[in-house]
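Heads up: the structure comes next, in structure tokens.
Structure (structure tokens):
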């Protein structure tokens, strides 16, 4: 028997899973994604990555603003699905939606639950200095990422890995894992286990107030902060200039030798003192410009030894 599925997802992270499910021959009754939004420098109305991919593959796409209305819930139930796959959809699934598929709704979550429930598990894992994270397949319940875990696969966070690099690694892992879960549903051999309440942590959405680099922290914490927010939304500092402060994002860095007043450059190659130790900035981005290696950046803007970064 081939399962009839609904797929609910929005960002790029969800696309590999949808592609693998489709390529394996599953019957996708409909793809749900968040409505088109304004994005980019031109603020053009743009469909989500999942919606664009689904349209390219000639799949029916639905983009409701909410699933709370009886009409939307009836439309979802009318798909007569065996199961639903949910990947970073971004909308709450009310009980009627959760109960509509015959075998339930299953979420691909980018952490080893119950650690890092919530919106930003990839960023939070790196920012916290975790050495291991992973992907969990969880049966969706009404609570925030509280459902029983059916499958989980760990993944190492390599030294210097950014959130963007970890995102791609976990997206591919999630695509592999969801096929195992769907096979288990087909054969009746899937087993889901309640989460351990003792290990719960939450990965709240990244706030703008968190993105500024605090060089008074230790070098390892500063490094984790930079890599956890790279490439989006990007950790940043302000550099004094003739016409006011220049905001600089840092996308890649490494630990460096030396010490000094936190936020002070230790040489002319962007080694910066931290509360303990130092970091060297390797890839940076000025406002409204492309990211560049620090060496290229310094050819256009001199940052002398002893400069204060805030």
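In our numbering, the protein residues as written are 251 to 560. Positions of the beta carbon are idealized from the N, C-alpha and C atoms, including for glycine.
Below 8 Å CB to CB, which residues in the same chain sit around residue 474 once its five sequence neighbours on both sides are set aside? 376, 377, 378 and 379
Use the C-beta contact count for residue 260: other C-beta atoms within 10 angstroms, 16 or more gives buried, fewer gives exposed. buried
Cutoff 7 Å; reference residue 419; Cβ partners in own chain excluding five residues on either side: 405
With three or more beta-carbon pairs closer than 8 Å as the criterion, would you say the region 255–271 touches the region 420–432? yes
Below 8 Å, how does it come out for the region 445–453 and the region 504–513: are there three or more Cβ pairs, yes or no? no
Closer than 8 Å by C-beta to residue 455: which residues in its own chain qualify, once you throw out the five before and the five after it? Chain order, please. 368, 369 and 370
What does residue 389 pair with, by DSSP beta-bridge criteria? 356
Is residue 472 buried or exposed, if buried means 16 or more other CB atoms sit within 10 Å of its CB? buried
Residue range of the beta strand (DSSP E) that residue 426 falls in? Where residue 426 is concerned, there is no enclosing beta strand (DSSP E), although the alpha helix (DSSP H) it sits in stretches over 413–437.
According to DSSP, is residue 449 helix, strand or coil? helix
Could you say which of 545, 334, 553 and 460 lies nearest to residue 533 if we only look at CA atoms? 545
For residue 374, the three-state DSSP class (helix, strand or coil): helix
DSSP state of residue 465 mapped onto helix, strand, coil: coil
Classify residue 357: buried if its beta carbon has 16 or more other beta carbons within 10 angstroms, exposed otherwise. Residue environment for residue 357: buried (at least 16 other C-beta atoms within 10 angstroms of its C-beta).
Cα-Cα, which of 348, 366, 558 and 451 is closest to residue 496? Out of 348, 366, 558 and 451, 558 has the C-alpha closest to the C-alpha of residue 496.
Within 10 angstroms of the Cβ of residue 395, are there 16 or more other Cβ atoms? Answer buried if so, exposed if not. buried
By DSSP, does residue 324 sit in helix, in strand, or in coil? helix
Unbroken beta strand (DSSP E) run spanning residue 277, endpoints: 277–282
Residue environment, residue 408, which counts as buried when at least 16 other CB atoms sit within 10 Å: exposed
For residue 340, which option in 317, 498, 556 and 384 has the closest C-alpha, if you only look at C-alpha atoms? 317
Measuring CB to CB, does residue 299 end up less than 7 Å from residue 262? yes
Let me know the secondary structure DSSP gives residue 265 once reduced to three states. helix
Continuous beta strand (DSSP E) assignments of at least 3 residues falling wholly in the region 454–504: 485–491
Comparing alpha-carbon positions, which option in 253, 526 and 489 lies nearest residue 556? 489
Under the rule that 16 or more other beta-carbon atoms within 10 Å means buried, what is residue 502, buried or exposed? buried
Per-residue DSSP class, three states only, for residue 259: strand
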